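Student:
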Ligand code: ATP
């Protein structure tokens, strides 16, 4: 019997980062030069896992919806794009430095983390009370317990002040909130803060050889604008009728102020975005539709539903009339995984204005033209990778030894199966090679004949391979093999001719898509 090893979240996160590197999932970028801050490379198994997550998203979006098509726009775009989208003027984060540690922070994140700590305090009070009272009524307790009410009032007050300060772009007030909450720098432990300043997150570079203002272009900070500027191209050439969506995956770049959480917050990352164009006035229905659809997509992976929750935005972005996040329970707490935004006609209208070209849709049912409204779903591929990887990581005690296993959903696992001849003789390697030749069409399949079977199993467990197939003496007699399942470690014997269809059923992305 396997027993889970329980770990503190900080220890767990450290182990996850180390495991990702040691087993070929994620390395610091250009590591031989000591790495580049908040930039990472994906290794042999990381690249496979990332590809599988991307395929699951792409196929769910563009194959399962008749009215969604995919595109692949360039990273570089005409510089006016970013004037029109508002990014040149408003894609800022408020930054603050601690004068003692010289560390830089996002002022909004400091306040959000302070609020999260207060919420944890409430949770602790609830847990304590749960133990004390029989027939515990949580709602009643929250509404009547003076200590809990006091903390709740405090949270409410801070949230209100913070919201107003953000809306008025009042940087002085944001600093004052930090001072009033007595927030200290986690490194120096002091409250010796600089003023709050705005910092634009876009990376600029030069196009061509002349370095002047006119040639300055940006690395895209989101993939969405490549969809907006192509709205009419796609609508006409793919003959789409409203409502319809355009999906895209690709790199985005942000000069993040604070980037200390592994691949959670990177300066170069990948987004998977879908812009859904609708008739004005119907956007709230579609907003609800996409909230449900996206949550369902996440839940189909089979991780605990307790890992997900919705959170409405405190402050709406300059383009939105409704917005929420799907948050995921990472080892360091609930954080944004995906954003769902009702972006109104902000982007298309502004591109009309700046380009002087009409970006309207002629609606044959209404017999008129209009600028469509947009509901967007936007998820970070790297963040999803971290969500899946971190929740898959487990250490178990099996027969007095620690077994490290990655319980990645089989349909996303980087390696679908491993084939082992029990020994390197008696024709077993030849049978195993032949089986590998057949199974390779399922995806990445490993052939291995070194070390004991136990060791080989452990190596596959550590990279999340869901099935190991062993060719043994019995195979020579009756053409059956053992198929060992990663999570239960149970072995099943089956005829060698059945293995391909058995694995296809369990490990294909189609199994996930069928649940949607
Ligand atoms: P945050 O508040 O965490 O900075 P955001 O609200 O700016 O994120 P969006 O602009 O809504 O993020 O981007 C959509 C998605 O892209 C996010 O939900 C996240 O999954 C991903 N993402 C954004 N910034 C990064 C980053 N620096 N590194 C990795 N993924 C990111």
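In this note's numbering, the protein residues as written are 478 to 993.
A virtual CB, placed ideally from N, CA and C, is assigned to each residue, including glycine.
Every value quoted in this text rests on a predicted model; they were computed, and no experiment measured them.
Would you say the beta carbon of residue 824 comes nearer than 7 Å to a heavy atom of ligand 1?
Tutor: Reading the chain shown from its first residue, position 347 is the one you call residue 824. No, the beta carbon of residue 824 sits no closer than 7 Å to any heavy atom of ligand 1.
Student: For residue 898, which option in 735, 758, 958 has the closest C-alpha, if you only look at C-alpha atoms?
Tutor: On the chain shown, residue 898 is found 421 positions in, with the first residue counted as 1. Comparing Cα positions, the closest option is 958.
Student: Using the beta-carbon count (16 or more within 10 Å), is residue 938 buried or exposed?
Tutor: Looking up residue 938 in the chain shown gives position 461. With 16 or more Cβ atoms within 10 Å of its Cβ, residue 938 is classed as buried.
Student: Assign residue 760 to buried or exposed, taking buried as 16 or more other Cβ atoms, counted over all protein chains shown, within 10 Å of its Cβ.
Tutor: Translated into the one-based positions of the chain shown, residue 760 becomes position 283. The residue is buried, with at least 16 neighbouring Cβ atoms inside 10 Å.
Student: Counting only runs that start and end within the region 865 to 940, where is the beta strand (DSSP E) found for 3 or more residues in a row?
Tutor: Correct list: 870 to 875, 878 to 883, 894 to 898, 922 to 924.
Student: Beta carbon of residue 789: closer than 7 Å to some heavy atom of ligand 1?
Tutor: For this step, residue 789 is matched to residue 312 along the chain shown. Result no, Cβ not under 7 Å from ligand 1.
Student: Report the residue ranges of all alpha helix (DSSP H) runs contained in full by the region 752 to 824; include only those spanning at least 4 residues, in chain order.
Tutor: Runs of the alpha helix (DSSP H) inside the region 752 to 824: 760 to 776.
Student: Just mark residue 874 as buried or exposed, buried being the case when its beta carbon has 16 or more other beta carbons within 10 Å.
Tutor: Counting from one through the chain shown, the residue named residue 874 turns up at place 397. So residue 874 counts as exposed.
Student: Say the cut is 7 Å; is the CB of residue 816 nearer than that to a heavy atom of ligand 1?
Tutor: In the chain shown, counting from the first residue as 1, residue 816 sits at position 339. Yes - ligand 1 has a heavy atom lying nearer than 7 Å to the Cβ of residue 816.
Student: State yes or no: is the C-beta of residue 697 within less than 8 Å of the C-beta of residue 736?
Tutor: Reading the chain shown from its first residue, position 220 is the one you call residue 697. Reading the chain shown from its first residue, position 259 is the one you call residue 736. No, they are not a contact pair.
Student: May I ask you to check if the CB of residue 856 is nearer than 7 Å to at least one heavy atom of ligand 1?
Tutor: Here residue 856 refers to the residue found at position 379 when the chain shown is read from its first residue. Under cutoff, so the answer is yes.
Student: Would you list the one or two residues that DSSP bridges to residue 504?
Tutor: Position 27 of the chain shown, counted from the start, is the residue given in the question as residue 504. For residue 504, which the question treats as bridged, DSSP gives the partners 518.
Student: If I follow the unbroken alpha helix (DSSP H) through residue 972, where does it start and stop?
Tutor: As a working mapping, residue 972 is identified with position 495 in the chain shown. Segment 968 to 972 is the beta strand (DSSP E) holding residue 972; no alpha helix (DSSP H) there.
Student: In terms of DSSP beta bridges, what is residue 582 paired with?
Tutor: On the chain shown, position 105 is the one that residue 582 refers to. Per DSSP, 573.
Student: In or out: residue 612 buried (at least 16 other Cβ within 10 Å) or exposed?
Tutor: As a working note, residue 612 is residue 135 in the chain shown. Answer is exposed; the Cβ neighbour count stays below 16.
Student: Using only alpha-carbon positions, find the residue among 543, 558, 705 that is nearest to residue 837.
Tutor: Reading the chain shown from its first residue, position 360 is the one you call residue 837. Taking only the C-alpha atoms, the option nearest residue 837 is 705.
Student: Beta-carbon within less than 7 Å of residue 763's beta-carbon, same chain only, minus the 5 sequence neighbours each way: which residues are those?
Tutor: Translated into positions along the chain shown, residue 763 becomes position 286. Cβ neighbours of residue 763 beyond the five flanking positions: 720, 753, 755, 852.
Student: Could you check whether the Cβ of residue 811 sits closer than 7 Å to any heavy atom belonging to ligand 1?
Tutor: Here residue 811 refers to the residue found at position 334 when the chain shown is read from its first residue. Because no heavy atom of ligand 1 lies under 7 Å away, the Cβ of residue 811 does not count as near it: no.
Student: Would you call the region 586 to 596 in contact with the region 857 to 872, where contact means no fewer than 3 C-beta pairs closer than 8 Å?
Tutor: As far as the Cβ criterion goes, the region 586 to 596 does not touch the region 857 to 872, which means the pair count is below three.
Student: Going by DSSP in three states, residue 554 sits in which element: helix, strand or coil?
Tutor: Taking the first residue of the chain shown as 1, we reach residue 554 at position 77. The answer is coil: DSSP assigns residue 554 none of H, G, I, E or B.
Student: How many Å lie between residue 486 and residue 493 at the Cα?
Tutor: For the purposes of this step, residue 486 is identified with residue 9 of the chain shown, where counting begins at 1. For the purposes of this step, residue 493 is identified with residue 16 of the chain shown, where counting begins at 1. Rounded to the nearest angstrom, the two C-alpha atoms are 10 Å apart.
Student: Please report the straight-line C-alpha distance between residue 977 and residue 579, rounded to a whole angstrom.
Tutor: On the chain shown, position 500 is the one that residue 977 refers to. On the chain shown, position 102 is the one that residue 579 refers to. Their Cα atoms are separated by approximately 58 Å.
Student: Would residue 685 and residue 551 qualify as a contact pair, given that the criterion is a beta-carbon distance under 8 Å?
Tutor: As a first step, residue 685 is located in the chain shown; it is residue number 208 there, counting from the start. As a first step, residue 551 is located in the chain shown; it is residue number 74 there, counting from the start. Not in contact: residue 685 and residue 551 (Cβ atoms no closer than 8 Å).
Student: If you measure from the CB of residue 725, is any heavy atom of ligand 1 nearer than 7 Å?
Tutor: Looking up residue 725 in the chain shown gives position 248. Not so, every heavy atom of ligand 1 lies at least 7 Å from the Cβ.
Student: Please confirm whether any heavy atom of ligand 1 lies closer than 7 Å to the CB of residue 699.
Tutor: Counting from 1 along the chain shown, the entry for residue 699 is found at position 222. Yes, since a heavy atom of ligand 1 falls inside the 7 Å radius drawn around the Cβ of residue 699.
Student: Would you kindly report the start and end of the unbroken beta strand (DSSP E) that includes residue 965?
Tutor: Counted from its first residue, the chain shown places residue 965 at position 488. Residue 965 -> no beta strand (DSSP E), and no H or E assigned at all.
Student: Would the C-beta of residue 733 count as close to ligand 1, meaning under 7 Å from any of its heavy atoms?
Tutor: As a working note, residue 733 is residue 256 in the chain shown. Checking the Cβ of residue 733 against ligand 1 gives yes.
Student: Starting from residue 945, follow its DSSP beta bridges and name the residues at the other end.
Tutor: Working through the chain shown from its first residue, we reach residue 945 at position 468. DSSP output for residue 945 lists 895, 961 as bridge partner(s).
Student: Is any heavy atom of ligand 1 found at a distance shorter than 7 Å from the C-beta of residue 761?
Tutor: For the purposes of this step, residue 761 is identified with residue 284 of the chain shown, where counting begins at 1. No, since every heavy atom of ligand 1 falls outside the 7 Å radius drawn around the Cβ of residue 761.
Student: Which term fits residue 726, buried or exposed, when burial requires 16 or more other beta carbons within 10 angstroms of its beta carbon?
Tutor: To locate residue 726, count along the chain shown from 1; it is residue 249. By the neighbour-count rule (16 or more Cβ atoms within 10 Å), residue 726 is buried.
Student: Using only the alpha-carbon positions, how far apart do residue 892 and residue 554 sit?
Tutor: Working through the chain shown from its first residue, we reach residue 892 at position 415. Working through the chain shown from its first residue, we reach residue 554 at position 77. The alpha-carbon atoms of residue 892 and residue 554 are separated by roughly 37 Å.
Student: Skipping 5 residues on each side, what residues in its chain have a beta carbon closer than 7 Å to that of residue 772?
Tutor: As a working note, residue 772 is residue 295 in the chain shown. These residues qualify, in order along the chain: 785, 803.
Student: Report all residues from its chain with a CB closer than 8 Å to the CB of residue 984; omit the five preceding and five following residues, and keep chain order.
Tutor: The residue you call residue 984 lines up with position 507 of the chain shown. Counting only Cβ-Cβ distances below 8 Å, and skipping sequence neighbours, we find 887, 888, 890, 893, 894, 919, 920, 943, 944.
Student: Please classify residue 521 as buried or exposed, where buried requires at least 16 other C-beta atoms within 10 Å of its C-beta.
Tutor: Translated into positions along the chain shown, residue 521 becomes position 44. Label assigned to residue 521: exposed.
Student: Given the structure, does residue 743 come close to ligand 1, in the sense that its CB is under 7 Å from one of the ligand's heavy atoms?
Tutor: Here residue 743 is taken as the residue at index 266 of the chain shown, counted from 1. Checking every heavy atom of ligand 1 against the Cβ of residue 743, one is found closer than 7 Å.
Student: Can you tell me where the alpha helix (DSSP H) holding residue 723 begins and where it ends?
Tutor: For the purposes of this step, residue 723 is identified with residue 246 of the chain shown, where counting begins at 1. Note, residue 723: premise wrong, no alpha helix (DSSP H); beta strand (DSSP E) at 721 to 730.
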